[in-house]
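Q: Position 55 of the sequence shown, counted from 1, bears residue number 126 in the numbering used here, the numbering being contiguous throughout. Here a beta-carbon is modelled for each residue, glycine too, at the ideal position from N, C-alpha and C.
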Amino acid sequence: MKLLFDFLPIALFFGMFKYAEGHKEWAAARATEWLGFMVSGGVVGPVEAPVLLATVVVIVATLLQILWLKGRGKKVDTMLWVSLGLVTVLGGATIYFHSESFIKWKPTVLYWVMGAALLIGQLVFKKNGIKSLMGAQMTLPDAVWRTVNFSWVGFFAIMGCLNLWVAFNFPTSTWVNFKLFGGLGIMALFILVQAVYLNKHMKPDTTP
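Spelled out as structure tokens, the structure:
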């Protein structure tokens with residue numbers, strides 16, 4: 072359920088982009104009307120309008136996620152705050168400069184921030200971030216927890232590079248498809264491989 076919640080802004084970004092891409096004149100008119108005061112030159116063309124509207128949607132969706140969690144008295148994950156900061160800054164630059172390049176960097180920066188947090192936690196603070204998240208659900212040897220933690224560091228590093236490769240070597244529509252389906256599919260496959268690995272090393276429950 073949490074995974075679906077986390078991917079909701081991406082799904083909404085995808086939905087708005089695809090709709091606006093299929094209605095470019097409408098998108099240009101609406102983007103100019105709604106965002107004209109924020110963009111350089113005051114006019115949004117049909118080429119950049121889809122990604123600008125989708126960027127506004129993802130900013131609002133991320134903000135609403137935080138407000139919803141706050142309203143229910145739940146803790147807002149640090150990464151959600153980081154995501155809001157990144158999408159606001161990079162999304163704002165995308166809107167102002169009419170350039171999709173800025174928002175295309177957002178997934179990569181987020182991946183690398185998460186990977187760096189796990190790496191620094193392990194090497195500097197001797198704290199295993201993955202164990203902190205999953206340790207209550209399973210018992211594993213410390214060596215296995217370290218392997219799992221470093222595997223996530225590598226995964227996030229690779230995903231960040233892969234996002235840039237797709238973003239700047241393929242059309243924007245391809246990147247949008249990859250952002251939702253590719254990212255979700257690769258992560259699901261990685262989690263499946265992790266589950267197989269963890270199952271081999273789980274200590275038996277000796278609780279009477």
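Suppose contacts are defined by Cβ-Cβ distances below 8 angstroms. Is alanine 100 in contact with glycine 116 by that definition?
A: If you number the sequence shown from 1, residue 100 lands on position 29. If you number the sequence shown from 1, residue 116 lands on position 45. No, they are not a contact pair.
Q: Helix, strand or coil for glutamate 171, going by three-state DSSP, please let me know.
A: Numbered from its first residue, the sequence shown carries residue 171 at position 100. It is coil, neither helix nor strand.
Q: What is the rounded straight-line gap between the Cα of aspartate 213 and the Cα of phenylalanine 173?
A: Indexing the sequence shown from 1 puts residue 213 at position 142. Indexing the sequence shown from 1 puts residue 173 at position 102. C-alpha separation (whole angstroms): 40 angstroms.
Q: Please list, in chain order, all residues of the same chain as glycine 192 whose beta carbon is under 6 angstroms from its beta carbon, the five residues on each side excluded.
A: The count along the sequence shown starts at 1 and reaches residue 192 at position 121. Only Lys198 and Gly200 meet the Cβ criterion.
Q: Mind listing, in chain order, the continuous alpha helix (DSSP H) runs of no fewer than 4 residues lying wholly within the segment 75-152?
A: Correct list: 95-106 and 120-142.
Q: Would threonine 133 and leucine 155 be called neighbours here (beta carbons separated by less than 8 angstroms)?
A: Counting from one through the sequence shown, the residue named residue 133 turns up at place 62. Counting from one through the sequence shown, the residue named residue 155 turns up at place 84. Yes, the pair counts as a contact, with Cβ atoms nearer than the cut-off.
Q: Would you kindly report the start and end of the unbroken alpha helix (DSSP H) that includes valine 219?
A: The residue you call residue 219 lines up with position 148 of the sequence shown. Valine 219 -> alpha helix (DSSP H) spans 213-240.
Q: Please report the distance separating the alpha-carbon of phenylalanine 108 from that of threonine 126.
A: Residue 108 sits at position 37 when you count from the first residue of the sequence shown. Residue 126 sits at position 55 when you count from the first residue of the sequence shown. So the two alpha carbons sit approximately 16 angstroms from each other.
Q: Mind reading off the beta-carbon distance from leucine 235 to methionine 273? Whole number of angstroms is fine, and I expect it under 8 angstroms.
A: Residue 235 sits at position 164 when you count from the first residue of the sequence shown. Residue 273 sits at position 202 when you count from the first residue of the sequence shown. With a Cβ gap of about 36 angstroms, leucine 235 and methionine 273 do not count as contacting.
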